[in-house]
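Trainee: Dropping the structure in here first, questions after.
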Amino acid sequence: PQREVSSTPSTLKPSAWRKNWGGDVGENFIVTGLQDIDKCRQQLHDITVPLEVFEYIDQGRNPQLYTKECLERALAKNEQVKGKIDTMKKFKSLLIQELSKVFPEDMAKYRSIRGEDHPPS
-1 PQREVSSTPS
9 TLKPSAWRKN
19 WGGDVGENFI
29 VTGLQDIDKC
39 RQQLHDITVP
49 LEVFEYIDQG
59 RNPQLYTKEC
69 LERALAKNEQ
79 VKGKIDTMKK
89 FKSLLIQELS
99 KVFPEDMAKY
109 RSIRGEDHPP
119 S
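So the sequence shown is numbered by my numbering: it starts at -1 and just counts up by one.
Below, the structure is given as structure tokens:
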């Protein structure tokens, strides 16, 4: 499901502006603001906003926290995956060492096929 955000001069009543932002806001200000938004519309026509951002807004949370938390989760996952890759590299090295002890001729062929000149230490 998609959520659409739109406003028209009839939905932006000056009384609501006074209540939310204080002061007296003229209709010209509102109309000018909406015209500015309309001018930018073509540049923003193909933007998708994750529904979770709207959930943050509905909960009264800052939507920028969504981006921050996504980045934090991505960094944590990146560290986790990096750890797994490092572990697999160590395992591969140890496996090749042990196989070279048991099957020296076969591992020499393997290393020559792989382009490795010397056995791993």
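Positions of the beta carbon are idealized from the N, C-alpha and C atoms, including for glycine.
Entirely within the region 58 to 100 and at least 4 residues each: give me those alpha helix (DSSP H) ranges in chain order.
Mentor: You should have 61 to 100.
Trainee: Locate the alpha helix (DSSP H) running through residue 49, then write down its first and last residues.
Mentor: Run containing residue 49: 49 to 56, per the alpha helix (DSSP H) assignment.
Trainee: How big is the Cα-Cα spacing for residue 72 and residue 100?
Mentor: Rounded to whole angstroms, residue 72 to residue 100 spans 42 Å at the Cα level.
Trainee: With a 10 Å radius around its C-beta and 16 neighbouring C-beta atoms as the bar for buried, classify residue 86 as buried or exposed.
Mentor: That one is exposed.
Trainee: Closest by CA to residue 50, which one among 43, 44 and 61?
Mentor: Closest option to residue 50, Cα to Cα, is 61.
Trainee: Terminal residues of the continuous alpha helix (DSSP H) containing residue 103?
Mentor: Taken as a continuous stretch (DSSP letters only), the alpha helix (DSSP H) holding residue 103 covers 102 to 112.
Trainee: Going along the chain, which residues of its own chain have a beta-carbon closer than 6 Å to the beta-carbon of residue 112, five neighbours each way excluded?
Mentor: Once the five neighbours on either side are set aside, residue 112 has no close Cβ partner at all.
Trainee: Could you round the C-beta distance between residue 105 and residue 97 to whole angstroms and report it? I think they count as a contact, below 8 Å.
Mentor: Confirmed, Cβ separation roughly 5 Å.
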